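Asks: I have a structure I would like to understand better, so I am pasting it below and will then ask my questions one at a time.
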Amino acid sequence: MLITTPDEIRAVVKSAGVVGAGGAGFPTYFKLNAKVDTVIANGSECEPLLYTDKTVIKQMPRELIRGLKIAMKATGAQKGVIAIKGHYKDVVEAVKNAIAQDDAQKDGISIHELENYYPAGDEFLTVYDVTGRVIPEGGIPLNVGVVVSNVLSLIQVAQAIDGKVVTERAITVTGEVANPGVYTVPIGTTYKALIDMAGGLKSKNVALIDGGPMMGKIVSDWDRGVNKTTSGIILLPNNHFIIRMGNKSLAQVVKQSKAACCQCFRCTDICPRNLLGHQIYPHKTMQTIDYNLDEPTENITSAFLCSQCGMCELVACDFMQLSPRKIYAEYRKLLVSRGIKNPHNRSGFDVSSQYENRKVSIPTVIKKLGLTEYAKPLYPKNSKPVSLVRINLSAHIGAPARAVVSVGDSLNIGDIIASSPAEALGTIYHASIIGVVTAITVDYIEITAN
Ligand code: SF4
Ligand code: SF4
C-alpha cells in the first residue's frame, strides 16, 4: 500500500509500536499528530558514556533522513534539522554525505552542530539551541512550532513505512563488563543475557543502571527485559558515587538537606531550566523543605519545571552530596496525587545572560562523576541469539498494554502480543523472537525460543 497522507503515516507508525527511543517512550504517532514548521531529529545523546545514537546514525543515515522527511510530511513541517554534537566529526560527516547523496537540502533538511555539553538533549535546550525559540514554562516543543524526535525513533518511522515493526534496538553496554560496545538485541532481552553478550562482569558487587549515568535508573532485577527505551546499560561498582546517590532514600535526602545545605547557590547557577529563564531555584527549595502542600509556595510548585536532569545533584552539589532533584521529584509526585496542577506557565521571558557561559562540558561532567576510566569510544559488536525475552508492558507513556496472547501460543517475530486500549494514548508490543509464550504477568510477557 502506498502511504501518502498524514493520517496513514500515523496509523502505520502506531501499528509498528514506535515510541520515543531516547528514554521517555512517548508514542511517536501521537507526537506526529501536530502542525509545526520544524521537526528536529535529536541525535545529541548528551548522557556521558552512551554511543547508541551515534552508532545508529552512522549505520543508517539515509533511513534517518527518510524518517525525518516522513515526520515532516505528517506534521506539515518545512524544515527538518538533524541535531548532533559537532564534536563527533565522523557522525556529522556521515549525515552530511547522506544529505548530499539524497539531495535532501532541497527538501528542507539540514544539520545543526550542537556543543558538547550536558544536557544538550533536553528538548527545551535543543529547541533553543537549534531555533532560538524558548518553550514556555510547563510547555512542550509544539508550543513554539516544533516537534522533537529521537534519531532512532525516526529510523523506526522509516522502517515502519517499509512494513517493519519495532522488535529490536541498539543498546550501549559499558562500565564493569569485559567487552563494552553497542549491541543490537531483541526487545525484552534480559539484562543478564546482555551482560553475558558483553563478555560478563569484570568485577563483583556492581549495580546496573538502565539509561545514562545522569538520568538512568538503578535496576535490581536483572532477569527483567530491556525496553524500547533502553539506550544503554551501565555497570558500576556498588560504592560508586552515582550508585550511592541513586540509592539514597528520600528520608536521608531530606534529613541531610535540612542539616547541610549551605545555600551556596551552585545548584541554581547551573540548573539548565533556570538558565533558560524558567523560575526554578533549587537552592531556595532546599531552604524551605516543609511539605506544606495545603498552601504550596512557588518553591514547591516549581517542581513542575524540573526536568530531573541531575545537574544540581551530581554536578553542582557533588561536594555536599545533596539532591534537589529528589526533593523536586517527591514534591511533584505529592502535588499530582493531590490533584494540584502546574501553576507556572510564563512565556516571553528572557534567557539568562549566563546561558552560554554556564554550559557544563561533557568532559567536566565525566570527571565530576568519576567515570573517566569508562569514557572511551564504543563501537557496534556482534550480538548473540537469546533464548528468552521478557517484554515489559508499560515501558512507554500512556495506558499500559494488555496481553492479546495466551500461554502456549506459538509466535513469529512481529506478531502482536499486547496493546494499549484503542482509545487511549499508548502503544503496541510485538514478539521479538520466534518462540512460545511461557508466562504472562501484569508486568510482562515471556517468550521462550523454540
Ligand atoms: S549546591 Fe548543594 S549545598 Fe549548595 S545550595 Fe544547592 S543543595 Fe545547597
Ligand atoms: S534536576 Fe536540578 S538542575 Fe535539573 S532541572 Fe531539576 S532542579 Fe534544575
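Adding 321 to a residue's 1-based position in the sequence shown gives its number in the numbering used here. For every residue, glycine included, the Cβ atom is placed at its ideal position computed from N, Cα and C. Just so we're clear, the structure is a prediction, and the values are computed from it rather than from any experiment.
Is asparagine 354 helix, strand or coil when you go by DSSP?
Replies: Translated into positions along the sequence shown, residue 354 becomes position 33. Here asparagine 354 sits in coil by DSSP.
Asks: How is the beta strand (DSSP E) around glycine 364 delimited, first residue to last?
Replies: In the sequence shown, residue 364 corresponds to position 43, counting from 1. Run containing glycine 364: 359-364, per the beta strand (DSSP E) assignment.
Asks: Say whether the region 757-766 touches the region 727-734, bearing in mind that this needs 3 or more beta-carbon pairs closer than 8 Å, one atom from each stretch.
Replies: Segments in contact, yes.
Asks: What residue range does the alpha helix (DSSP H) around isoleucine 687 cover?
Replies: Here residue 687 refers to the residue found at position 366 of the sequence shown. Isoleucine 687 -> alpha helix (DSSP H) spans 683-690.
Asks: Checking 7 Å against the spacing of the C-beta atoms, do alanine 650 and isoleucine 591 come in under that value?
Replies: Walking along the sequence shown from the start, residue 650 turns up at place 329. Walking along the sequence shown from the start, residue 591 turns up at place 270. For alanine 650 and isoleucine 591, no; Cβs fall outside 7 Å.
Asks: Looking at serine 552 and ligand 2, is the gap between the Cβ and the nearest heavy atom below 6 Å?
Replies: Looking up residue 552 in the sequence shown gives position 231. No, ligand 2 has no heavy atom inside 6 Å of this Cβ.
Asks: Can you tell me where the beta strand (DSSP E) with histidine 604 in it begins and where it stops?
Replies: Locating residue 604 in the sequence shown gives position 283, counting from the first residue. Counting along the chain, histidine 604 falls outside any beta strand (DSSP E), though it belongs to the alpha helix (DSSP H) covering 603-608.
Asks: Taking only runs of the alpha helix (DSSP H) that begin and end inside the region 433-465, which ones reach a length of at least 4 residues, in chain order?
Replies: Entirely contained in the region 433-465, the alpha helix (DSSP H) runs reaching 4 residues are, in chain order, 444-452.
Asks: Starting from the Cα of arginine 387, find the closest Cα among Asn548, Gln480 and Ala332 and give me that residue.
Replies: Numbered from its first residue, the sequence shown carries residue 387 at position 66. Closest by alpha carbon: Gln480.
Asks: Where DSSP assigns a beta bridge to isoleucine 784, which residues make up the other side?
Replies: This structure gives no information on residue 784, because the portion of the chain shown stretches from 322 to 771.
Asks: Give me the Cα-Cα distance between lysine 538 and glycine 397, rounded to the nearest whole angstrom.
Replies: For the purposes of this step, residue 538 is identified with residue 217 of the sequence shown, where counting begins at 1. For the purposes of this step, residue 397 is identified with residue 76 of the sequence shown, where counting begins at 1. If I take the Cα positions, the gap works out to 36 Å.
Asks: Terminal residues of the continuous beta strand (DSSP E) containing valine 527?
Replies: Locating residue 527 in the sequence shown gives position 206, counting from the first residue. Where valine 527 is concerned, the enclosing beta strand (DSSP E) stretches over 527-531.
Asks: Measuring alpha carbon to alpha carbon, tell me which residue in Leu529, Asn595 and Asp450 is nearest isoleucine 432.
Replies: Residue 432 sits at position 111 when you count from the first residue of the sequence shown. Among Leu529, Asn595 and Asp450, the Cα nearest to that of isoleucine 432 is on Asp450.
Asks: Report the rounded CA-to-CA distance for glutamine 783 versus lysine 417, giving the unit in angstroms.
Replies: With the chain represented from 322 up to 771, any question about residue 783 goes unanswered, as that position is not in the structure.
Asks: Any beta carbon of chain D sitting closer than 7 Å to that of methionine 535?
Replies: Absence of chain D from the displayed structure is noted, only one protein chain being present.
Asks: Go through the region 627-694 residue by residue and report every complete run of the alpha helix (DSSP H) that reaches 4 residues or more, in order.
Replies: Counting whole runs of 4 or more residues, the region 627-694 contains the alpha helix (DSSP H) stretches 645-658 and 683-690.
Asks: Can you look up glutamate 619 in the DSSP assignment and give me helix, strand or coil?
Replies: By one-based count along the sequence shown, residue 619 stands at place 298. Looking at glutamate 619 - three-state DSSP - the assignment turns out to be helix.
Asks: Given the structure, does glutamine 399 come close to ligand 1, in the sense that its CB is under 6 Å from one of the ligand's heavy atoms?
Replies: Within the sequence shown, residue 399 is the residue found at index 78, counting from 1. It does not: the Cβ of glutamine 399 is nowhere closer than 6 Å to a heavy atom of ligand 1.
Asks: Report the three-state DSSP secondary structure of lysine 410 (helix, strand or coil).
Replies: For the purposes of this step, residue 410 is taken as the residue at position 89 of the sequence shown. The answer is helix: DSSP assigns lysine 410 an H, G or I state.
Asks: Cβ atoms of valine 681 and tyrosine 439: under 7 Å apart, would you say?
Replies: By one-based count along the sequence shown, residue 439 stands at place 118. By one-based count along the sequence shown, residue 681 stands at place 360. The answer is yes: Cβ separation under 7 Å.
Asks: Nearest to valine 455 by alpha carbon, out of Ile766, Ser673, Ser753 and Lys705?
Replies: Position 134 of the sequence shown, counted from the start, is the residue given in the question as residue 455. Checking every option, the nearest Cα to that of valine 455 belongs to Ser673.
Asks: Please identify the residue among Gly747, Met566, Val710 and Leu714 whose C-alpha is closest to the C-alpha of isoleucine 508.
Replies: On the sequence shown, residue 508 is found 187 positions in, with the first residue counted as 1. The shortest C-alpha separation from isoleucine 508 is found at Val710.
Asks: Rounded to the nearest angstrom, what separates serine 704 and tyrosine 512 at their Cα positions?
Replies: On the sequence shown, position 383 is the one that residue 704 refers to. On the sequence shown, position 191 is the one that residue 512 refers to. Straight-line Cα distance between these residues: approximately 13 Å.
Asks: Could you compute how far the alpha carbon of arginine 594 sits from the alpha carbon of phenylalanine 670?
Replies: Stepping through the sequence shown from its first residue, residue 594 is reached at position 273. Stepping through the sequence shown from its first residue, residue 670 is reached at position 349. Those two C-alpha atoms are separated by around 12 Å.
Asks: Assign threonine 493 to one of three DSSP states: helix, strand, or coil.
Replies: Here residue 493 is taken as the residue at index 172 of the sequence shown, counted from 1. Residue state, collapsed to three classes: strand.
Asks: Apart from the five residues just before and just after isoleucine 610, which ones in its own chain have a Cβ nearer than 7 Å to its Cβ?
Replies: Taking the sequence shown and counting its residues from 1, the one referred to as residue 610 is at position 289. Closer than 7 Å at Cβ, skipping near neighbours: Val575, Ser578, Lys579 and Ile648.
Asks: Can you say whether cysteine 585 is buried or exposed, counting buried as having 16 or more other CB atoms within 10 angstroms of its CB?
Replies: Sequence index remark: in the sequence shown, residue 585 carries index 264 (1-based). Burial call: exposed.
Asks: Classify arginine 667: buried if its beta carbon has 16 or more other beta carbons within 10 angstroms, exposed otherwise.
Replies: As a working note, residue 667 is residue 346 in the sequence shown. Label assigned to arginine 667: exposed.
Asks: Per DSSP, what kind of secondary structure is asparagine 559 in: helix, strand or coil?
Replies: In the sequence shown, residue 559 corresponds to position 238, counting from 1. It is coil, neither helix nor strand.
Asks: I need the boundaries of the alpha helix (DSSP H) containing leucine 597, first residue and last residue.
Replies: Along the sequence shown, read from residue 1 onward, the residue named residue 597 stands at position 276. Unbroken run through leucine 597: none, as it is neither H nor E.
Asks: Less than 7 Å separating the beta-carbons of asparagine 663 and glycine 459?
Replies: As a first step, residue 663 is located in the sequence shown; it is residue number 342 there, counting from the start. As a first step, residue 459 is located in the sequence shown; it is residue number 138 there, counting from the start. Going by C-beta atoms, asparagine 663 is nearer than 7 Å to glycine 459.
Asks: Could you pull the start and end residues of the alpha helix (DSSP H) that valine 574 belongs to?
Replies: To locate residue 574, count along the sequence shown from 1; it is residue 253. Valine 574 -> alpha helix (DSSP H) spans 571-581.
Asks: Would you say the beta carbon of serine 628 is closer than 6 Å to some non-hydrogen atom of ligand 2?
Replies: Within the sequence shown, numbered from 1, the residue matching residue 628 stands at position 307. Under cutoff, so the answer is yes.
Asks: Who pairs with glycine 502 in a beta bridge, going by DSSP?
Replies: The residue given as residue 502 occupies position 181 in the sequence shown. Answer is Val494, bridged to glycine 502.
Asks: Which partner residues does threonine 769 have in the DSSP bridge list?
Replies: On the sequence shown, position 448 is the one that residue 769 refers to. Beta-bridge pairing links threonine 769 to Leu709 and Val757.
Asks: How is valine 540 classed by DSSP in three states: helix, strand or coil?
Replies: In the sequence shown, the residue the question calls residue 540 occupies position 219. DSSP places valine 540 in strand when its eight states are reduced to three.
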